[in-house]
Amino acid sequence: MWCDDKLFLIIGGKLSIMSALFAFFIVFFAIALVLPTVRVWRQTGINPVVLPRSDDVAGFVGTYFKLLIIFLGTYLLLGTLNVVRPIGPILLPDHASIVGWCLLTASIFWVVIAQFQMGISWRVGIDTETKTALIIHGLFQISRNPIFLGMMMQLVGLFLAQPDAITFAILLTGYVLISIQIRGEEQHLMNIHGMNYREYCAKVRRWI
């Protein structure tokens, strides 16, 4: 059956799935965006959020990333307030919700670890003004894009925890946008790091 409140009733709570997901994404936004942004800015004086507003591929992806986040937040908030119910519920096994929450929880730790391993090189978007170091240690020995991998874990977890037409559409849209962004960042890193990045690509896969 599709996801309901069973998981939270089991642990003795009365929190709805939508409410829990909304709270999760507020926490994730604070931990994975606000805090690292402040950290990098304090250490370097540079704003690491460099999503452009230009009329090119990078600008397109940046704009729709923002819209996707706003759309997701609005959907979960309206669900929390009982203004809307899940749209187009999808039938999944009962244990799918538990798997989803495991992925969501793991994604926070995974993303935060990768961000710390990037240090002051962490960016949101492609920084064309400041040359950043090529990070190849830690989780970057497993995946060339561990933060994006963590974001995909999160989107899959979201769908499994709340399987409906909206979360499935968000999963697909997120995958497309992330895939485009990855290729843009790879080209940027190739331009500034040359052979070192080419050798790194030969050793480590794009995803995992």
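In the working numbering, the protein residues as written are 2 to 209.
Cβ coordinates follow ideal geometry from the N, Cα and C atoms, glycine included.
Residue from the options whose Cα sits closest to the Cα of residue i
i: threonine 81; options: Gly185, Trp123, Val157 and Ile18; result: Ile18
i: glycine 74; options: Glu186, Thr168, Gly60 and Val39; result: Thr168
i: tryptophan 123; options: Val28, Ala33 and Ile27; result: Ala33
i: isoleucine 127; options: Val35, Gly46, Phe61 and Phe25; result: Phe61
i: methionine 119; options: Phe141, Val100 and Phe110; result: Phe141
i: glycine 185; options: Glu200, Arg207 and Leu172; result: Arg207
i: phenylalanine 25; options: Leu78, Leu173, His194 and Asn146; result: Leu78
i: isoleucine 179; options: Ala59, Ala115 and His194; result: Ala59
i: valine 35; options: Leu22, Gln116 and Asp56; result: Gln116
i: glycine 89; options: Asn192, Ala170 and Gln44; result: Ala170
Limits of the alpha helix (DSSP H) - the one that residue i falls within
i: serine 122; result: Looking at the DSSP string, serine 122 is not in any alpha helix (DSSP H), and its letter there is neither H nor E.
i: proline 147; result: 147 to 162
i: phenylalanine 72; result: 58 to 81
i: serine 180; result: 166 to 194
Residue i versus residue j: straight-line alpha-carbon distance, rounded
i: threonine 131; j: alanine 203; result: 25 Å
i: valine 205; j: histidine 138; result: 11 Å
i: phenylalanine 30; j: valine 85; result: 23 Å
i: tyrosine 65; j: glutamine 188; result: 20 Å
i: isoleucine 148; j: asparagine 83; result: 32 Å
i: methionine 196; j: isoleucine 143; result: 19 Å
i: glycine 101; j: leucine 161; result: 5 Å
i: threonine 129; j: alanine 97; result: 41 Å
i: proline 54; j: alanine 107; result: According to the sequence displayed, residue 54 carries arginine and not proline. Distance between the alpha carbons of arginine 54 and alanine 107 is about 32 Å.
Helix, strand or coil at residue i according to DSSP, with G and I counted as helix
i: valine 50; result: strand
i: proline 37; result: helix
i: arginine 90; result: Going by the sequence as given, residue 90 is proline instead of arginine. Strand, per DSSP.
i: isoleucine 18; result: helix
i: isoleucine 137; result: coil
i: glutamate 200; result: helix
i: tryptophan 208; result: coil
i: serine 98; result: helix
i: isoleucine 143; result: coil
i: valine 113; result: helix
i: threonine 129; result: coil
i: valine 28; result: helix
Inter-residue CB distance, residue i and residue j (contact presumed, cutoff 8 Å)
i: proline 87; j: aspartate 165; result: 4 Å
i: leucine 159; j: leucine 92; result: Contact doesn't hold; Cβ gap of about 17 Å is too wide.
i: tyrosine 201; j: leucine 135; result: 7 Å
i: isoleucine 121; j: valine 41; result: 6 Å
i: valine 50; j: valine 125; result: 5 Å
Contact test: residue i Cβ vs the ligand COA heavy atom, cutoff 7 Å
i: arginine 206; result: Annotation note on the ligand COA: not contained in the displayed structure, which lists no ligands.
Cβ of residue i within 8 Å of any chain C Cβ
i: glycine 80; result: Among the chains in the structure shown there is no chain C, since it carries only a single protein chain.
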